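Here is the structure we will look at, set down as structure tokens.
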Amino acid sequence: MADLTPEEFIDTILIPEKSSDHICWGCTGLKPVLKDSKFPPADIIGWCTKIHWPHYWCLADFNVVKKCYVFDAKKK
Ligand code: SF4
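Numbers 33 to 108, taken from this note's numbering, label the letters of the sequence shown in order.
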């Protein structure tokens with residue numbers, strides 16, 4: 033296997049269910065709904081683990097986050 037960082041490796045095995053224009057996809061705070069997951073509400077892309085820490089905040093697919101003061105870019 034190529035030289036992957038731990039974050040890059042996780043991205044290869046935890047495949048998100050959705051895609052969208054949220055800035056959150058490039059943020060370390062996003063915990064996405066995983067592909068074929070049946071439990072979460074259908075209208076969320078995942079959860080933010082930063083804004084209301086230690087609680088999670090649901091990220092709706094219809095309310096696109098474009099700017100965020102807590103954005104923490106994934107290192108690539
Ligand atoms: S910290 Fe901001 S950019 Fe990151 S996942 Fe939460 S809402 Fe999205």
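Where a beta carbon is used, it is the ideal one built from N, C-alpha and C, also for glycine.
Computed from a predicted model, the values in this text were never measured in an experiment.
>> How far does the beta strand (DSSP E) with Pro64 in it extend, from its first residue to its last?
In response: Leu62 to Pro64
> Mind checking whether the beta-carbon of Ile55 lies closer than 8 Å to any heavy atom of ligand 3?
Replying inline: Ligands displayed in this structure: ligand 1; ligand 3 is not among them.
>> Using C-beta distances below 6 Å, list every residue in its chain close to Thr44, excluding the 5 sequence neighbours before and after it, in chain order.
In response: none
>> In the DSSP output, which residue or residues are listed as bridge partners for Ile46?
In response: A quick correction: the sequence has Leu, not Ile, at residue 46. Note: Leu46 sits in no beta bridge, so no partner.
>> Under 8 Å: does the beta carbon of Thr44 sit that close to some heavy atom of ligand 1?
In response: no
> Cβ atoms of Asp93 and Lys50: under 9 Å apart, would you say?
Replying inline: yes
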